[in-house]
Every structure is written in structure tokens, then in C-alpha cells.
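J.: FYI, in full-length UniProt numbering the residues of the sequence shown are 1 to 232.
Each residue gets a CB set at the ideal place from its N, CA and C atoms; glycine is no exception.
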Amino acid sequence: MLKSSGDWRFDSEVVPIFDEHVRLSVPLYDEIHNMIKDMSYWFVEDDTNVYDIGTSTGETIINLSTIHSSKKIKYFGIDSSESMVQKARQRFEQNSSITITNQDVTDENFFLNNASYVTAVLSIMFIPQRQRQDLINKIYNSLNYGGAFVMIEKIVGSSARFDEMWIELYHDLKLKNGLSHQEVVAKSQSIRGILKPYTVDENINMLKQSGFTNIDTFFKWNNFAGFIAIKL
Numbered sequence: 001m002l003k004s005s006g007d008w009r010f011d012s013e014v015v016p017i018f019d020e021h022v023r024l025s026v027p028l029y030d031e032i033h034n035m036i037k038d039m040s041y042w043f044v045e046d047d048t049n050v051y052d053i054g055t056s057t058g059e060t061i062i063n064l065s066t067i068h069s070s071k072k073i074k075y076f077g078i079d080s081s082e083s084m085v086q087k088a089r090q091r092f093e094q095n096s097s098i099t100i101t102n103q104d105v106t107d108e109n110f111f112l113n114n115a116s117y118v119t120a121v122l123s124i125m126f127i128p129q130r131q132r133q134d135l136i137n138k139i140y141n142s143l144n145y146g147g148a149f150v151m152i153e154k155i156v157g158s159s160a161r162f163d164e165m166w167i168e169l170y171h172d173l174k175l176k177n178g179l180s181h182q183e184v185v186a187k188s189q190s191i192r193g194i195l196k197p198y199t200v201d202e203n204i205n206m207l208k209q210s211g212f213t214n215i216d217t218f219f220k221w222n223n224f225a226g227f228i229a230i231k232l
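#1: Any chance the region 118-128 sits against the region 47-55, with 3 or more Cβ pairs inside 8 Å?
#2: Applying the criterion that 16 or more other CB atoms from any shown protein chain within 10 Å of the CB defines a buried residue, is TRP166 buried or exposed?
#3: Among THR48, ARG89 and SER81, which has the Cα closest to the Cα of ILE73?
#4: Indicate the three-state DSSP secondary structure (helix, strand or coil) for LEU143 in the structure shown.
#5: For a minimum of 4 consecutive residues, which ranges assigned as the alpha helix (DSSP H) are wholly contained in the region 155-211?
#6: When you compare each of ILE230, GLU13, ALA225 and PHE43 to ILE155 by their alpha carbons, which one comes out closest?
#7: Using the rule of at least 16 other Cβ atoms within 10 Å of the residue's Cβ for burial, across every protein chain shown, is HIS181 buried or exposed?
#8: Rounded to the nearest angstrom, how far is the Cβ of GLU153 from that of ILE124, given a contact under 8 Å?
#9: Assuming SER83 is part of the alpha helix (DSSP H), what are its boundary residues?
#10: Rounded to whole angstroms, what is the Cα-Cα separation between THR215 and VAL150?
#11: Look at the alpha carbon of ILE230 and the alpha carbon of ALA148, and state the distance between them as a whole number of angstroms.
#12: Under 8 Å between the Cβ atoms of ASN95 and ASN114?
#13: With DSSP collapsed to three states, give me the class of SER116.
#14: Let me confirm a value: LYS220 is counted as buried when at least 16 other C-beta atoms fall within 10 Å, else exposed. Which label applies?
#15: Are the beta-carbon atoms belonging to PHE43 and GLY146 less than 8 Å from one another?
#16: How is THR101 classed by DSSP in three states: helix, strand or coil?
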């Protein structure tokens, strides 16, 4: 799984080990998904759509579709990785309410509609910064009133001192979880110029600029944060 500098891709090499690797690399990964699932009870409604941007292997969708099985919901998982899409489609091939699409969400033809709940778990940070606001605007416009957008992001510390501390603690976590020092360093090198996180304030400002006025941070672990924005 070692990649050269700036060469990280969610390709056929990554997909088979993704679910295991992400749990070693992301703090409280399962708890994050539990929170996304639990919060959805306040927003997911009959005859609406639920979208998961950067769906990877479909973890979020399988959780949401399971707890809302009695409702008439259409689920859409979107990912730009062909390999991830193939894996997710295999997972949901027996469920006609779930559609997995291979699409670039920065494409001008990408759109969402009639949404009650939109999620983006560790995906917005991979989108070029100049294109993020347009995507968040589309998400806001697609949501029905009372609907919510949930976004989990790796973040930059509010100062250089905090950022250095958070990064070191994050690397400590990955080492404790069994990843080697070589793997930790190689991953950091492979995402150079690809993963470009914002600070907490920058993420909140991006949400505000799209029109959201009701925003909160529901999760924070050093250099990871979860945001929820409700359209009112």
C-alpha cells in the first residue's frame, strides 16, 4: 500500500483493504458512523433522497438503509473511483433502493435533488479548494427545508503550534493501531498536494457562504472534526 509522493489514489490496490485500513487510520471511525446514523432519525423522511458523497465501499449507506428500511427512501452513493464503485455495487446488488454511481462531483452536470440527508465522510478534503464552495452550494440547494448535511473532515489546527501537536498525536495513534513507521510516513507523503484540509472556522465559513445558518460541530478529535448543517 506504499505510494510515491503525491500519488495517493483509491484504486484497485487500495479497495480490498480499505475498510480495515480506514479503521486503523481514522480515530473513532465506527463511532463517527454511529453518530451519523443516530442523527439521521431527525432528518430522513419518506419519499426523499439520501446522498453519500465519496461513498467508498458504502459503509454510510448500508447503515442508513438498514435503520430506515420501513421508509420509502432512495439512496445514492457517489464516488469518483471506479474500483470503489464496483465494490459498493457488489454490496448492494440486491437492493433496488440503492444506486451507486461513478461520478466526479465537481462536474457541472452533477446534481442532487429532493434530499433530506446528505453525507460526506472524509471526502470534501480531497476536492480542489477552488471547487469546494460550488459543491457545498449544490448540496444546500438540493436539501429540502429541515434537511441536513453532515461532513466529516480532517482539519488543520487553528495555529502552527496546535497543528504540529495534532499531527504528532495522530501519527502516535496510527502507530498504536499497528501501522509501521514506514507506512505512516509513506501515507503522509502520498497525499501531499491531494488532501488539502481547512481549519474548523474555514469549514464553517464555507457552509455559511452556501446559505446554511444552523451549523454545529458534533465531533472533534484533534485534527478530525464532524459538522452538521441544517437547512432552515
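T.: The relevant details are as follows:
#1: yes
#2: buried
#3: Distances from the CA of ILE73 to each of THR48, ARG89 and SER81 were compared; the closest alpha carbon is that of THR48.
#4: strand
#5: 160-176, 181-190 and 200-210
#6: ALA225
#7: Looking at its Cβ environment, which holds fewer than 16 other Cβ atoms inside 10 Å, HIS181 is exposed.
#8: 6 Å
#9: 82-91
#10: The displayed chain sequence assigns Ile, not Thr, to residue 215. About 10 Å.
#11: The straight-line gap from Cα to Cα measures roughly 4 Å.
#12: no
#13: The answer is strand: DSSP assigns SER116 an E or B state.
#14: exposed
#15: yes
#16: strand
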